[in-house]
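Take a look at the structure below.
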Amino acid sequence: MIRSRKSKWSDRPGLIAQVEPDEGDEVAKGQEIVFLKDETLVALLNIAKQKAENDVNERFAEKSAAVAKAEWDKMLETNRKVAGAFTATDVDKAKLNYEKGILQGEQAAHERLVAKLEMEKAAAELKTCRIEAPFDGIVRKVLKHKGESVAQGTPILELISTRTVRVEGYLPVEDLWSIQRGDPVQVQLDFPDRDLEIEKEIFHGKVFSVDKTVSPVTHGARIWAEVQNPEEKLVEGLYAKMTIKHGRRAGTAKKVAPAAGIKQAGGTR
């Protein structure tokens, strides 16, 4: 069967601020289609940005270390000229002040690095408030609206694409070990008891998945392929013949209920 549905879901919990497209609208891959409320995350990002850009503590520590170094050097020089002018304790304190300034500079640099990482984290979280279309498609159904709360994984809208469709069927058990993901397939529409010109057209694709469980009803393994449908002639719900090519062998998806059928490739967001 041909299928094309796909739902688009939220990657984080929150309140919906806006659902951009309406049902029936076309959207482009990468287009922002759903927005969650992000005021708190924007504030956190701005705070982290201010901390990451603030180098006052680093500059102060650098100047403090320079002054302490000058005082320490002056004591050492004076003691070389006049022995005992400064006690060993005074010299050690001056040295400690210099080392303290150096460590304060390193601490300030570390804090700025942490702030930059916090900024990157906030930016990444903010990005999850804006949901993009994963492919070119049409909005079939809007499931959630402005003001509604969503949990992580909650479907928000149903987006479909008929440029690539999903063809499902059941593989005869004798072909189960010879067919692999990526094997090329040929698909032809199948209308029993009819002779339509479109049945002669061949559509190409590749095996995407082969179930490793055999159905007790069909005695075959469920298989589905992604098939190119540039002129959108493969319509969801129609039945088709799917031929799988593998080396010198070719297996055909068994026409038992459900026979090889077409499903639009897509999802929910």
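Per my numbering: the sequence shown = residues 92 to 360. All C-beta atoms, glycine included, are put in the ideal place defined by N, C-alpha and C.
In the structure shown, V110 falls within a strand segment according to DSSP collapsed to helix, strand and coil. Short of 7 Å from the beta carbon of G228, and not among the five residues preceding or following it, lie these beta carbons of its own chain, in chain order: V118, L250, I251, S252 and G357. Taking C-alpha positions only, K207 is separated from A143 by approximately 5 Å.
DSSP, read as helix, strand or coil, puts R221 in strand. Between P225 and V205, the alpha-carbon positions lie close to 33 Å from each other. Bridge pairing for P246: W100 [DSSP]. Taken in chain order, the complete alpha helix (DSSP H) segments of 4 residues or longer contained in the segment 145 to 205 are 147 to 172. Distance from the CA atom of Y330 to the CA atom of R257, rounded to whole angstroms, is 12 Å. In the DSSP annotation of this structure, the continuous segment of the beta strand (DSSP E) that includes G296 starts and ends at F294 to V305.
Each residue's CA atom was taken as its position, placing F177 and N188 some 16 Å apart.
Note that the C-beta distance between S306 and R272 is not below 8 Å. Closest option to F126, judged by alpha-carbon separation, among K218, T180 and D183: K218.
If you look at G273, you'll find it isn't in any beta strand (DSSP E); DSSP assigns it neither H nor E. Note that the C-beta distance between A312 and V264 is below 8 Å. Straight across, the Cα-Cα distance linking D181 with L167 is about 10 Å. Contact between the segment 313 to 321 and the segment 288 to 300 is established, with three or more Cβ pairs separated by less than 8 Å. I124: member of the beta strand (DSSP E) spanning E123 to L127, first to last residue.
About 18 Å separates the beta carbons of G238 and L132, which is beyond the 8 Å limit, so they are not a contact pair. Rounded to whole angstroms, the gap between the alpha carbons of K165 and A157 is 12 Å. The beta carbon of L136 sits closer than 8 Å to those of M210, A213, A214 and L217, all from its chain and outside the five residues before and after it, given in chain order.
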